[in-house]
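**Student:** Just so you know, the numbering used here puts 581 at position 129 of the sequence shown, and the rest follows in order with no gaps. C-beta: ideal position from N, C-alpha, C; glycine also.
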Amino acid sequence: MTNLVIIGSDVYARRVIKCIEALIKSGEEISIKGIVDNNEEKTEIKGYKILDKIENASLYNDEDTSFIIAIKNNKTRQEISDKFKEFDYYTIIHPKAKIGKNVSIGKGSIIMDEAVINDNTKIGNYVIVNHGCIIDEEVIVEDYVNLLQSTALGKQVKVDSLTKIGRDVLVIAKISIGKKSIVKNASIVIEDVGDNCIMEGTPAKIIKKL
């Protein structure tokens, strides 16, 4: 039995808890030990106790415990994983997600319900693949990426680290998206995107450099 400590307590943490509960119901041998978060106004989330502040997370680390960073912000996930490198980070894959052949999914990543990841795709560490995302074959999604709900990535797309892709975005086949970029909701990406770009529109164009 693996005991999970959830880092974070916002709305997204609630969705992660729901995902974990579905895994427990499906027979996965995990339990929720509690939550660490810096919001002092809360004492529990969905019946699970907030144990302590994030900076004290090490107090709850033992050989039977794994952690999951339930925070949407890419940079914050990176900062926490860098601070607590000694932790074992659990990979969450909802039982209703569909995973193809020869797919690799890194530590600390979260794959939500109804997500589809097709064959020969690589998902990095601490990646969030939200509800209803469709990822085609031979796609590479690097560390700390957040794919919002119902995003679709075409075949052989590459998304570099710390990038956020909004809801209902379509990225056509063989497109590369650089580091620390943002693609706004409902955009269609038909050309490569560089680092530190904010993209929007159909087709998506650069509206700002970060």
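What is the C-beta distance between I469 and I497, in whole angstroms, given that I count them as a contact (C-beta under 8 Å)?
**Tutor:** About 7 Å; that satisfies the 8 Å criterion.
**Student:** Tell me which residues share the same chain as A625 and place their Cβ nearer than 8 Å to its Cβ, disregarding the 5 neighbours each side in the sequence.
**Tutor:** Cβ within range, chain order: D588, G606, K607, Q608 and V609.
**Student:** For Y596, report the span of its beta strand (DSSP E) as first-last.
**Tutor:** From DSSP, Y596 is part of no beta strand (DSSP E); its letter is neither H nor E.
**Student:** In terms of residues, what are the limits of the beta strand (DSSP E) holding Y464?
**Tutor:** Segment V463 to S478 is the alpha helix (DSSP H) holding Y464; no beta strand (DSSP E) there.
**Student:** For the 8 Å Cβ check, are there 3 or more pairs between the region 520-527 and the region 593-601?
**Tutor:** Taking 8 Å as the limit for Cβ pairs, the verdict is that the region 593-601 does touch the region 520-527.
**Student:** May I ask you to report which of helix, strand or coil DSSP gives K626?
**Tutor:** In this structure, K626 counts as coil in the three-state DSSP scheme.
**Student:** Can you name the residues that DSSP bridges to E652?
**Tutor:** According to DSSP, E652 bridges with K657.
**Student:** Tell me whether L622 is buried or exposed, calling it buried when 16 or more other Cβ atoms sit within 10 Å of its Cβ.
**Tutor:** By the neighbour-count rule (16 or more Cβ atoms within 10 Å), L622 is buried.
**Student:** Since N455 is in the beta strand (DSSP E), which residue starts that stretch and which ends it?
**Tutor:** It spans T454 to I459 - the beta strand (DSSP E) in which N455 sits, taken as one unbroken run.
**Student:** With distances taken between CB atoms, is the gap from D644 to K631 smaller than 9 Å?
**Tutor:** For D644 and K631, no; Cβs fall outside 9 Å.
**Student:** In angstroms, rounded to a whole number, what distance separates the CA positions of R467 and G560?
**Tutor:** Distance between the alpha carbons of R467 and G560 is about 15 Å.
**Student:** Restricting to Cα atoms, I'd like to know which of N513, E652, I459 and M564 is closest to I544.
**Tutor:** Ranking the options by Cα distance to I544, first place goes to M564.
**Student:** Compute every distance between the C-beta of E589 and the non-hydrogen atoms of the ligand MN, then say whether any falls below 8 Å.
**Tutor:** With respect to the ligand MN, the structure offers nothing, as it holds no ligand at all.
**Student:** Helix, strand or coil: how does DSSP classify E507 here?
**Tutor:** E507 falls in the helix class under three-state DSSP.
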